[in-house]
Amino acid sequence: MAKKPQGQQVEAEQPNQAEQKMPAERQGGERTRSGRTFRPRVDICETDIGLMLLADTPGAKPDGLTITLDRRALNIHAAVEDHAPEGYSPIYQEYQVGDFECDFTLSGDFDADKIEATLTNGVLQLMVPRAEQAEARTIKIKAGS
Numbered sequence: 001m002a003k004k005p006q007g008q009q010v011e012a013e014q015p016n017q018a019e020q021k022m023p024a025e026r027q028g029g030e031r032t033r034s035g036r037t038f039r040p041r042v043d044i045c046e047t048d049i050g051l052m053l054l055a056d057t058p059g060a061k062p063d064g065l066t067i068t069l070d071r072r073a074l075n076i077h078a079a080v081e082d083h084a085p086e087g088y089s090p091i092y093q094e095y096q097v098g099d100f101e102c103d104f105t106l107s108g109d110f111d112a113d114k115i116e117a118t119l120t121n122g123v124l125q126l127m128v129p130r131a132e133q134a135e136a137r138t139i140k141i142k143a144g145s
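With UniProt numbering as the guide, the letters of the sequence shown map in order to residues 1 to 145.
Structure below.
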């Protein structure tokens with residue numbers, strides 16, 4: 001069994017790195033809200049009927065979520081309230097409170113009217129179905145004179 005060289009770390013030995021929230025970067029505009037905004041961790045899977053997205057949005061509630069699809073630009077925004085009980089001030093805090101936001105450009109035509117969103121235990125699941133394509137048809141050719 002080979003020994004790991006000293007000074008090198010394996011990704012599995014860095015659990016805190018995977019748990020850190022990534023600050024959101026927004027292209028093409030300025031943020032007008034104050035406070036922190038993070039980019040959620042997102043998994044995207046393709047299915048026969050479209051896409052499924054899973055986004056980690058701890059602390060988000062259904063009424064604080066906004067999901068928009070404009071042409072091929074998908075935006076997810078989750079507003080998160082501070083969770084400290086009234087009258088208490090934190091003396092040690094590992095969980096940073098802030099909104100979540102991310103943008104995606106989809107590589108196909110999707111049906112915005114049929115997107116379904118479910119929020120369970122801080123995980124947002126989006127089902128994004130493909131738009132129905134016009135059926136293929138045979139074009140009749142006329143003889144020219």
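Glycine included, C-beta positions come from ideal geometry on N, C-alpha and C. What you are looking at is a predicted structure, and each value in this text was computed from that prediction instead of being measured.
Candidates the options: closest to residue i by CA position
i: P40; options: A55, D48, R130, I139; result: A55
i: L53; options: I91, I115, K140; result: I115
i: Q133; options: T47, V42, I91, F110; result: F110
i: N75; options: I91, L124, A131; result: L124
i: D63; options: A117, R137, M127; result: A117
Per DSSP, cross-strand counterpart(s) of residue i
i: V42; result: A55
i: R130; result: F110
i: G50; result: P129
i: T138; result: Paired residue(s): none; T138 is not in a bridge.
Pairwise C-alpha distance: residue j and residue i
i: N121; j: E101; result: 18 Å
i: A112; j: G144; result: 43 Å
i: R72; j: F104; result: 8 Å
i: L119; j: I139; result: 47 Å
i: V42; j: S89; result: 31 Å
i: I49; j: V80; result: 31 Å
i: L126; j: T47; result: 12 Å
i: T68; j: E94; result: 31 Å
i: G59; j: R137; result: 50 Å
i: Y92; j: K61; result: 24 Å
i: T57; j: E86; result: 23 Å
Chain-order list of residues whose beta-carbon lies under 8 Å from that of residue i (same chain, five-residue window excluded)
i: D82; result: V97
i: R36; result: P23, Q96, V97, G98, D99
i: S107; result: R72
Sequence-distant residues of its chain with Cβ nearer than 6 Å to residue i (five each side left out)
i: K142; result: none
i: L65; result: A78
Terminal residues of the beta strand (DSSP E) in which residue i lies
i: I67; result: 65-70
i: I76; result: 73-78
i: T120; result: 116-120
i: T105; result: 99-105
Contacts around residue i, its chain only, beta-carbon distance under 7 Å, and the 5 residues preceding and following it disregarded
i: I44; result: L51, L53
i: A84; result: P90
i: A131; result: D109, F110, D111
i: P129; result: I49, G50, F110, D111, K114
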